[in-house]
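A.B. asks: There's a structure below that I have some questions on.
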Amino acid sequence: MQRLSVSFLSFEKEKGSGLVWFISLLALISVLIGTLVSASSQFLLARQVTDFSEQYVLSLKTLLNQNPSLTIETLSQRLSSQVASNYRFQNLSIKSVSLEKGRTVHAVACVTWRAPIVFVDGSREICEEAYAR
Amino acid sequence: MKLIRLLSDEDGNILLEAVAFTTLAFGLILTLGIDLFQLERRQIGLEQLARNSTRFFLLNPESDFSEAISTFQELDSQLQDDQLKFSIKCQPTDCDSSGTFVSLEITSGDNVAKAFGVIP
Chain A
40 MQRLSVSFLS
50 FEKEKGSGLV
60 WFISLLALIS
70 VLIGTLVSAS
80 SQFLLARQVT
90 DFSEQYVLSL
100 KTLLNQNPSL
110 TIETLSQRLS
120 SQVASNYRFQ
130 NLSIKSVSLE
140 KGRTVHAVAC
150 VTWRAPIVFV
160 DGSREICEEA
170 YAR
Chain B
99 MKLIRLLSDE
109 DGNILLEAVA
119 FTTLAFGLIL
129 TLGIDLFQLE
139 RRQIGLEQLA
149 RNSTRFFLLN
159 PESDFSEAIS
169 TFQELDSQLQ
179 DDQLKFSIKC
189 QPTDCDSSGT
199 FVSLEITSGD
209 NVAKAFGVIP
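Read top to bottom, the protein sequences are chains A and B.
Take 40 as the starting number for the first sequence in this note's numbering and just add one per residue.
Take 99 as the starting number for the second sequence in this note's numbering and just add one per residue.
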């Protein structure tokens with residue numbers, strides 16, 4: 040009890056390093072900025088993947104209408120080879136492609152997101168799906 | 099000499115120092131945040147522009163692509179005054195027959211947006 044009161048009393052003293060306080064605040068601000076930049080980057084990539092998958096299913100539906108004798112898998116492979124060279128997504132893959140009820144094209148596109156900040160070693164798989172009828 | 103003495107002096111007002119530091123630090127975060135969202139807004143606008151122009155061209159293959167881009171550019175207040183560069187690729191080579199794969203890439207400064215589609 041006596042020890043506790045002594046330690047509380049020592050709070051009133053002005054002695055101590057301001058550097059620790061300063062560095063802690065600086066670290067907190069760096070983390071805040073890092074989070075902001077990473078969240079923004081991930082949001083933009085997710086939007087781009089959504090756009091990509093929507094355009095992909097629309098193109099696939101158009102190709103399917105023009106070539107009804109070909110299967111959706113064959114057309115998807117053909118389209119993937121044309122599209123892949125245009126985009127610089129990391130590990131871009133079409134996870135699944137299907138024709139639902141014979142009319143609706145459904146596809147799931149996935150890419151790997153990597154943190155844009157060097158000291159944050161983070162990566163995540165972002166998948167987006169789209170439908171076209 | 100006076101400055102060195104001032105720096106080595108432990109006397110001061112913590113409230114004043116904290117307010118000064120917080121203003122600087124959060125001012126930095128605010129500036130960076132605004133810049134970041136501005137960049138994000140421009141990127142989203144450019145992607146919309148690329149998608150809308152491509153969609154317009156796919157539905158009207160005989161139309162002029164650059165005209166479609168400048169029309170949609172006028173509608174976006176953020177991109178109105180920008181110098182846009184764009185490139186179009188068509189596979190196979192002609193850009194006006196049914197089944198042609200069309201891809202567009204628009205660049206505005208550091209921002210790049212892409213769009214693609216198949217002519218119906």
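We put the beta carbon where it would ideally sit given N, CA and C, even for glycine.
Only a predicted model underlies this, so the values are computations on that prediction, with no experimental measurement involved.
Suppose only complete runs of 4+ residues qualify. What are the alpha helix (DSSP H) ranges in the region 159–190 of chain B, listed by chain order?
C.D. replies: Correct list: 163–173.
A.B. asks: Going by the DSSP bridge assignment, what does Lys212 of chain B pair with across the sheet?
C.D. replies: In DSSP, Lys212 of chain B forms a bridge with B:Glu203.
A.B. asks: Name the DSSP beta bridge partners of Gln129 of chain A, please?
C.D. replies: Bridge partners of Gln129 of chain A: A:Thr151.
A.B. asks: Taking 7 Å as the limit between beta carbons, can you name the residues of its chain near Leu138 of chain A, skipping five residues before and five after?
C.D. replies: Taken in chain order, the residues that qualify are Ile111 and Val144.
A.B. asks: Under 9 Å, do Ile127 of chain B and Ile133 of chain A count as touching if we go by C-beta distance?
C.D. replies: No. Outside cutoff.
A.B. asks: Below 8 Å on C-beta distance, what does Ser115 of chain A contact in chain B?
C.D. replies: What Ser115 of chain A touches in chain B: nothing, since even the nearest Cβ is about 13 Å away.
A.B. asks: Using the Cβ count rule (16 or more neighbours within 10 Å means buried), how would you classify Ser98 of chain A?
C.D. replies: Classification for Ser98 of chain A: buried.
A.B. asks: Give the single residue among A:Val150, A:Val157, A:Thr113 and A:Asn106 whose Cα lies nearest to the Cα of Ser196 of chain B.
C.D. replies: Cα-wise, what sits closest to Ser196 of chain B is A:Asn106.
A.B. asks: Between the C-alpha atoms of Ser162 of chain A and Thr151 of chain A, what's the straight-line distance to the nearest angstrom?
C.D. replies: Cα to Cα, the separation comes out at about 7 Å.
A.B. asks: What do you reckon, is the C-beta of Thr191 of chain B under 8 Å from a heavy atom of the ligand GTP?
C.D. replies: Among the components modelled here there is no ligand, and therefore nothing to report on the ligand GTP.
A.B. asks: Can you tell me the Cα-Cα spacing of Val136 of chain A and Ser115 of chain A, whole angstroms?
C.D. replies: Taking the straight line joining both Cα atoms gives about 8 Å.
A.B. asks: Helix, strand or coil for Ser195 of chain B per DSSP?
C.D. replies: Reduced to three states, the DSSP call for Ser195 of chain B is coil.
A.B. asks: Does the beta carbon of Leu126 of chain B sit closer than 9 Å to a beta carbon anywhere in chain A?
C.D. replies: For Leu126 of chain B, the answer is yes, since a Cβ of chain A falls inside 9 Å of its Cβ.
A.B. asks: Would you mind stating whether Leu118 of chain A and Ala123 of chain B have Cβ atoms separated by less than 9 Å?
C.D. replies: Contact: no.
A.B. asks: What are the residues in the region 59–85 of chain A lying within 7 Å of chain B by C-beta distance?
C.D. replies: Against chain B - using a Cβ distance shorter than 7 Å - the residues of the region 59–85 of chain A are Leu64, Ile68, Leu71, Ile72, Leu75, Val76, Ser79 and Leu83.
A.B. asks: CA-CA distance, Gln87 of chain A and Arg103 of chain B?
C.D. replies: Straight-line Cα distance between these residues: approximately 57 Å.
A.B. asks: Indicate the three-state DSSP secondary structure (helix, strand or coil) for Arg86 of chain A in the structure shown.
C.D. replies: In the structure shown, Arg86 of chain A sits in a helix (DSSP, three-state: H, G or I).
A.B. asks: What runs of the alpha helix (DSSP H), each 4 residues or longer, lie entirely inside the region 91–125 of chain A?
C.D. replies: DSSP runs (the alpha helix (DSSP H)) wholly in the region 91–125 of chain A: 111–123.
A.B. asks: Are Ile165 of chain A and Gln94 of chain A close, meaning C-beta to C-beta below 9 Å?
C.D. replies: Going by C-beta atoms, Ile165 of chain A is not nearer than 9 Å to Gln94 of chain A.
A.B. asks: Mind checking which residues open and close the alpha helix (DSSP H) that includes Arg142 of chain A?
C.D. replies: Note, Arg142 of chain A: premise wrong, no alpha helix (DSSP H); not H, not E.
A.B. asks: In chain order, what residues of the same chain lie with their CB nearer than 6 Å to the CB of Leu101 of chain B, ignoring the 5 residues before and after it?
C.D. replies: If we look at Leu101 of chain B and ignore the five residues flanking it on each side, it has no Cβ neighbours.
A.B. asks: Where do the N-terminal and C-terminal ends of the alpha helix (DSSP H) with Ile127 of chain B fall, by residue?
C.D. replies: Note, Ile127 of chain B: alpha helix (DSSP H), Ile112 to Leu157.
A.B. asks: Does any C-beta atom of chain A lie closer than 9 Å to the C-beta of Ile132 of chain B?
C.D. replies: No, Ile132 of chain B does not count as interfacial toward chain A.
A.B. asks: Can you tell me where the beta strand (DSSP E) holding Arg163 of chain A begins and where it ends?
C.D. replies: Segment Ser162 to Ala171, the beta strand (DSSP E) holding Arg163 of chain A.
A.B. asks: Reducing DSSP to helix, strand and coil, say where Val136 of chain A ends up.
C.D. replies: Of the three classes helix, strand and coil, the one that applies to Val136 of chain A here is strand, per DSSP.
A.B. asks: Residues bridged to Ala146 of chain A by DSSP?
C.D. replies: DSSP, once it has assigned bridges, lists A:Val136 and A:Ala169 as partnering Ala146 of chain A.
A.B. asks: Measure the alpha-carbon distance for Glu160 of chain B versus Ser79 of chain A and round it to whole angstroms.
C.D. replies: Their backbone Cα atoms lie some 38 Å apart in a straight line.
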